[in-house]
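The next block holds one structure in the form of C-alpha cells; read it before the comments.
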Amino acid sequence: MAAGPRFRAGRGLMAALRPTPGPWRSAFLLRPAAPASVVAEQRSDDRWRWPLALGCLGLILYLLLSDNLLVTLGIPYNVPRGAFPFKIHPGSYCIALGFLLLLRGNPWQRLVRLFRLSPPLTALALVTTAIMFYALAQFGASGAGFFVDTWLAPALLGLIVLQAP
Numbered sequence: 002m003a004a005g006p007r008f009r010a011g012r013g014l015m016a017a018l019r020p021t022p023g024p025w026r027s028a029f030l031l032r033p034a035a036p037a038s039v040v041a042e043q044r045s046d047d048r049w050r051w052p053l054a055l056g057c058l059g060l061i062l063y064l065l066l067s068d069n070l071l072v073t074l075g076i077p078y079n080v081p082r083g084a085f086p087f088k089i090h091p092g093s094y095c096i097a098l099g100f101l102l103l104l105r106g107n108p109w110q111r112l113v114r115l116f117r118l119s120p121p122l123t124a125l126a127l128v129t130t131a132i133m134f135y136a137l138a139q140f141g142a143s144g145a146g147f148f149v150d151t152w153l154a155p156a157l158l159g160l161i162v163l164q165a166p
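Just so we're aligned, residue 2 is where the sequence shown starts under this note's numbering, counting upward by one.
As C-alpha cells, then:
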C-alpha cells in the first residue's frame, strides 16, 4: 500500500501532528517562561546552593557507607547496643542539615511554600515526623532511626531538589 504525499520525504505521522513551537520558545522547555522580576529574584536568592550541596553529600554518603563499614569504623549503627544518634546514618544528618539551611529566614513561610510546591512530598515528611515522634514516645528510641533513614531523609532530599533551579 503506497503512502500518500503527506508521508513522503521522511515525514512521519508524529512529525505531522506535532505543533510547531514559536520563535521565542524552545520545544524542550518544560515550564512556561518566568517574568523578568522573578528571574532577577531567583538569581539574587542563592539560598538553594548549600542545601543542595549537603543533600548531594548525604546521598553520596548513603551510597558509600554501608552498615558493616560503619560498624567497622566504630559506629554502632546496626548493632543492638548504642545510643540513638548512632542509629541514624551520617547521610541523613547531611540531608537534615541541608533542609534546615533551606528553611532559614522564616521557616513557616518556607514550609508553606514547599507545601504549595509539592503537597504530597511535604505531607510525607510531616506525617513521617509525627509518626516518628509517636514511636519515640510509645516504644522508645529502639526503632526510630528506621523512620529517619527510610522515610524522612528521602522526603527531605526530594524537597531540597525541588527548590533547586
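Idealized CB from N, CA, C, for every residue including glycine. In this text the structure is predicted, and so the values were computed from the model without any measurement.
{"query": "For I161, does the count of other Cβ atoms within 10 angstroms reach 16, so buried, or fall short, so exposed?", "result": "buried"}
{"query": "For L30 and L125, what's the separation of their Cα atoms in angstroms?", "result": "With a pLDDT of only 49 at L30, under 50, the local geometry of the prediction cannot be trusted, and no value is derived from it."}
{"query": "Are there 16 or more other CB atoms within 10 angstroms of the CB of F148, so buried, or fewer, so exposed?", "result": "buried"}
{"query": "Going along the chain, which residues of its own chain have a beta-carbon closer than 6 Å to the beta-carbon of L137, five neighbours each way excluded?", "result": "A145"}
{"query": "Quick test of the definition: if touching needs 3 or more C-beta pairs under 8 Å, does the segment 90 to 102 touch the segment 66 to 78?", "result": "yes"}
{"query": "What does the alpha-carbon distance come out to for the pair R122 and I132?", "result": "In the sequence as presented, Arg is not what sits at residue 122; that position holds Leu. Spanning the two alpha carbons is a distance of roughly 15 Å."}
{"query": "I think P52 touches F100, with their Cβ atoms under 8 Å apart; what is that distance to the nearest whole Å?", "result": "7 Å"}
{"query": "Return the chain-ordered ranges of every alpha helix (DSSP H) run that is complete within the segment 123 to 154 and spans a minimum of 4 residues.", "result": "145 to 148"}
{"query": "Leaving aside the five residues before and after G56 along the sequence, list all residues of the same chain whose C-beta is less than 6 Å from its C-beta, in chain order.", "result": "I96, G99, L158, I161"}
{"query": "Report the residue from Y63, A54, R48, R50 whose alpha carbon sits nearest the alpha carbon of T151.", "result": "Y63"}
{"query": "Can you tell which of L163, A165, W49 has its C-alpha closest to the C-alpha of L102?", "result": "W49"}
{"query": "Span of the alpha helix (DSSP H) holding R111?", "result": "108 to 118"}
{"query": "Taking its Cβ as the centre, do 16 or more other Cβ atoms sit within 10 Å of A84, making it buried, or is it exposed?", "result": "exposed"}
{"query": "Closest by CA to I61, which one among A165, G106, P155?", "result": "P155"}
{"query": "Could you round the C-beta distance between L163 and L112 to whole angstroms and report it? I think they count as a contact, below 8 Å.", "result": "About 13 Å; that fails the 8 Å criterion."}
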